[in-house]
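**Q**
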Amino acid sequence: MSTDPRDDSTDADQGLSLHHITVRFGGLLALDDVSLRVAPGRIVGIIGPNGAGKTTLFNVICGFVPPQSGTLALDGKPFRPRPHHLNRHGIARTLQGVGQFSGMTVLENVLVGARSRRPETDAWEALERCGVAEHARALPGSLPYAKRKRVELARALAAKPRILMLDEPAGGLDADEIRWLADLIQGAETTVLLVEHHMELVMSVCDEILVLDFGKPIALGSPAEIRTNDQVAEAYLGAAA
Ligand SMILES: Nc1ncnc2c1ncn2[C@@H]1O[C@H](COP(=O)(O)OP(=O)(O)O)[C@@H](O)[C@H]1O
Ligand SMILES: [Mg+2]
Numbered sequence: 035m036s037t038d039p040r041d042d043s044t045d046a047d048q049g050l051s052l053h054h055i056t057v058r059f060g061g062l063l064a065l066d067d068v069s070l071r072v073a074p075g076r077i078v079g080i081i082g083p084n085g086a087g088k089t090t091l092f093n094v095i096c097g098f099v100p101p102q103s104g105t106l107a108l109d110g111k112p113f114r115p116r117p118h119h120l121n122r123h124g125i126a127r128t129l130q131g132v133g134q135f136s137g138m139t140v141l142e143n144v145l146v147g148a149r150s151r152r153p154e155t156d157a158w159e160a161l162e163r164c165g166v167a168e169h170a171r172a173l174p175g176s177l178p179y180a181k182r183k184r185v186e187l188a189r190a191l192a193a194k195p196r197i198l199m200l201d202e203p204a205g206g207l208d209a210d211e212i213r214w215l216a217d218l219i220q221g222a223e224t225t226v227l228l229v230e231h232h233m234e235l236v237m238s239v240c241d242e243i244l245v246l247d248f249g250k251p252i253a254l255g256s257p258a259e260i261r262t263n264d265q266v267a268e269a270y271l272g273a274a275a
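Throughout, the numbering used here is defined as the position within the sequence shown, counted from one, plus 34.
1) If you run the structure through DSSP and keep just helix, strand and coil, what is lysine 194?
2) Where leucine 52 and methionine 138 are concerned, what is the direct C-alpha to C-alpha distance, given to the nearest angstrom?
3) Given a cut-off of 7 Å on the beta-carbon distance, is the pair glycine 82 and valine 245 in contact?
4) Taking only heavy atoms of ligand 1 into account, decide whether any of them is closer than 6 Å to the Cβ of alanine 253.
5) Please determine, among Arg261, Pro251, Thr262, Gln265, the residue with the shortest C-alpha to C-alpha distance to arginine 71.
6) By Cβ distance below 7 Å, which residues in the same chain neighbour alanine 160 in space, the five residues on each side in sequence not counted?
7) On a Cα-Cα basis, can you pick out the residue from Val78, Ala148, Leu65 that is closest to valine 229?
8) Collect the residues with a C-beta less than 5 Å away from any heavy atom of ligand 1 and give them in sequence order along the chain.
9) Report the option in Ala253, Pro178, Gln265, Ala148 whose CA atom is closest to the CA atom of valine 68.
10) Which of helix, strand or coil does DSSP assign to glycine 24?
11) Straight-line CA distance for glycine 49 to alanine 73?
12) Given this structure, state the Cα-to-Cα distance separating lysine 181 from glutamate 223, to the nearest angstrom.
13) According to DSSP, which residues form a beta bridge with leucine 145?
14) When the Cα atoms are used, what is the spatial distance from glycine 60 to cysteine 96?
15) Within the stretch 161-195, note down every full alpha helix (DSSP H) run reaching 4 residues or more, in order along the chain.
16) Where does alanine 275 sit, in a helix, a strand or coil, going by DSSP?
17) Does arginine 261 pass the burial test, meaning 16 or more other C-beta atoms within 10 Å, or should it be called exposed?
18) Judging by CA-CA distance, which residue of Asn121, Arg58, Arg127 is the nearest neighbour of glutamate 202?
19) Can you tell me which of Met233, Val239, Ala209, Glu234 puts its alpha carbon nearest to the alpha carbon of leucine 218?
20) Please look up how many angstroms separate the CB atoms of threonine 277 and glycine 110, rounded, as I've assumed it's under 8 Å.
21) Would you mind reading off the limits of the beta strand (DSSP E) that contains glutamate 242?
22) Comparing C-alpha positions only, which one of Ala258, Asp247, Arg58 sits nearest to glutamine 265?
23) Taking the alpha-carbon of proline 117 as reference, which of Ser136, Asn93, Gln102, Gly104 has the nearest alpha-carbon?
24) Return helix, strand or coil for methionine 199, following the three-state DSSP convention.
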């Protein structure tokens with residue numbers, strides 16, 4: 035806890051909080067009263083069947099989608115996210131799929147993410163960490179899909195974010211790549227928000243998991259708690275039927 039008497043925030047305020055977030059698209063309730071606290075250093079998973087509202091929740095945190103009601107807070111202070119200010123707040127995200135600029139090299143793409151006074155250093159460090167430094171001068175489109183996903187991760191990591199948001203990073207990857215990804219997430223030494231369908235990955239890396247179903251939060255707990263939650267099983271079986 036801070037010892038500065040002028041600072042009335044507490045450890046309990048640190049990190050990102052969502053309070054009663056509701057999002058409607060016309061008549062569709064995409065998020066229905068979702069609250070979540072993401073403490074610093076935690077790896078928090080967001081799961082749920084297709085259309086559950088996972089990407090919408092990310093879009094709210096990034097300021098792409100303004101909620102109809104509800105508030106966000108960062109370190110106990112009101113937070114009104116705007117996409118072009120995310121870097122300043124230390125938030126970086128990867129997009130579902132691969133989201134690179136096709137006319138720029140891998141290095142140039144990753145430099146877009148860097149924000150310190152030594153962007154080249156941060157970009158190269160991120161490329162090394164993601165094992166794609168050898169492709170720095172290539173165009174992303176010339177690389178296989180798994181490598182492009184790594185470039186997307188490098189772009190986010192180059193920002194040295196305090197909150198790293200990953201939207202389905204395992205999509206389309208094979209078992210070896212997913213193992214590599216799990217190691218990267220666990221070694222990221224930052225707060226991670228992970229939207230992912232690959233249950234083994236989610237269960238192995240997350241400290242905590244939020245389950246959405248048709249926009250509603252139906253469970254929040256440890257991987258063990260989520261694995262044995264009847265409502266969660268039902269939501270997934272319902273989606274598969
Ligand atoms: N911009 C939008 N306009 C209208 N409907 C949207 C929009 N974005 C998402 N939706 C709808 O909101 C629901 C939740 O979508 P999404 O957040 O993408 O789900 P998920 O990522 O969990 O698959 C879906 O029914 C989707 O069709
Ligand atoms: Mg999605």
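All residues carry an ideal CB built from backbone N, CA and C; glycine is no exception.
**A** For this structure:
1) Translated into the one-based positions of the sequence shown, residue 194 becomes position 160. DSSP, reduced to helix, strand and coil, places lysine 194 outside both helices and strands of the structure shown, so it counts as coil.
2) Walking along the sequence shown from the start, residue 52 turns up at place 18. Walking along the sequence shown from the start, residue 138 turns up at place 104. The alpha-carbon atoms of leucine 52 and methionine 138 are separated by roughly 36 Å.
3) The count along the sequence shown starts at 1 and reaches residue 82 at position 48. The count along the sequence shown starts at 1 and reaches residue 245 at position 211. Taking a C-beta distance under 7 Å as the contact criterion, glycine 82 and valine 245 qualify as a contact pair.
4) Taking the sequence shown and counting its residues from 1, the one referred to as residue 253 is at position 219. Result no, Cβ not under 6 Å from ligand 1.
5) Counting from one through the sequence shown, the residue named residue 71 turns up at place 37. For arginine 71, the closest of Arg261, Pro251, Thr262, Gln265 by C-alpha to C-alpha distance is Pro251.
6) As a working note, residue 160 is residue 126 in the sequence shown. Only Val144, Ala188, Leu191, Ala192 meet the Cβ criterion.
7) On the sequence shown, residue 229 is found 195 positions in, with the first residue counted as 1. Val78 is the residue among Val78, Ala148, Leu65 whose C-alpha sits nearest the C-alpha of valine 229.
8) Those satisfying the condition are, in chain order, Phe59, Ala64, Asn84, Gly85, Ala86, Gly87, Lys88, Thr89, Thr90.
9) Numbered from its first residue, the sequence shown carries residue 68 at position 34. The closest CA to that of valine 68, considering only Ala253, Pro178, Gln265, Ala148, is found on Ala253.
10) In the structure as shown, the chain starts at 35 and stops at 275, and residue 24 therefore has no counterpart that could be examined.
11) The residue labelled residue 49 in the question sits at position 15 within the sequence shown. The residue labelled residue 73 in the question sits at position 39 within the sequence shown. One C-alpha to the other measures close to 5 Å.
12) As a position in the sequence shown, residue 181 is number 147, starting the count at 1. As a position in the sequence shown, residue 223 is number 189, starting the count at 1. Straight through space, the alpha carbons of glutamate 223 and lysine 181 are spaced by roughly 22 Å.
13) Along the sequence shown, read from residue 1 onward, the residue named residue 145 stands at position 111. Within the DSSP secondary-structure output, leucine 145 pairs in no beta bridge.
14) For this step, residue 60 is matched to residue 26 along the sequence shown. For this step, residue 96 is matched to residue 62 along the sequence shown. Computed Cα separation, rounded: 21 Å.
15) Whole alpha helix (DSSP H) segments, 4+ residues: 179-191.
16) If you number the sequence shown from 1, residue 275 lands on position 241. Reliability fails at alanine 275, whose pLDDT of 44 lies under 50, so the model's placement of it is uncertain and no value is given.
17) Within the sequence shown, the letter at position 227 stands for residue 261. Exposed, since its Cβ has fewer than 16 Cβ neighbours within 10 Å.
18) Numbered from 1 along the sequence shown, position 168 holds the residue referred to as residue 202. Measuring from the Cα of glutamate 202, the nearest candidate turns out to be Arg127.
19) Residue mapping note: residue 218 aligns to position 184 of the sequence shown, counting from 1. Minimum Cα distance to leucine 218 is reached at Val239.
20) Residue 277 lies beyond the residue range present for the chain, which begins at 35 and ends at 275; the question has no answer from this structure.
21) For the purposes of this step, residue 242 is identified with residue 208 of the sequence shown, where counting begins at 1. Unbroken beta strand (DSSP E) run through glutamate 242: 242-247.
22) The residue labelled residue 265 in the question sits at position 231 within the sequence shown. Ranking Ala258, Asp247, Arg58 by Cα distance to glutamine 265 puts Asp247 first.
23) Numbered from its first residue, the sequence shown carries residue 117 at position 83. When C-alpha distances from proline 117 are compared across Ser136, Asn93, Gln102, Gly104, the shortest belongs to Asn93.
24) Translated into positions along the sequence shown, residue 199 becomes position 165. In the displayed model, methionine 199 falls within a strand according to three-state DSSP.
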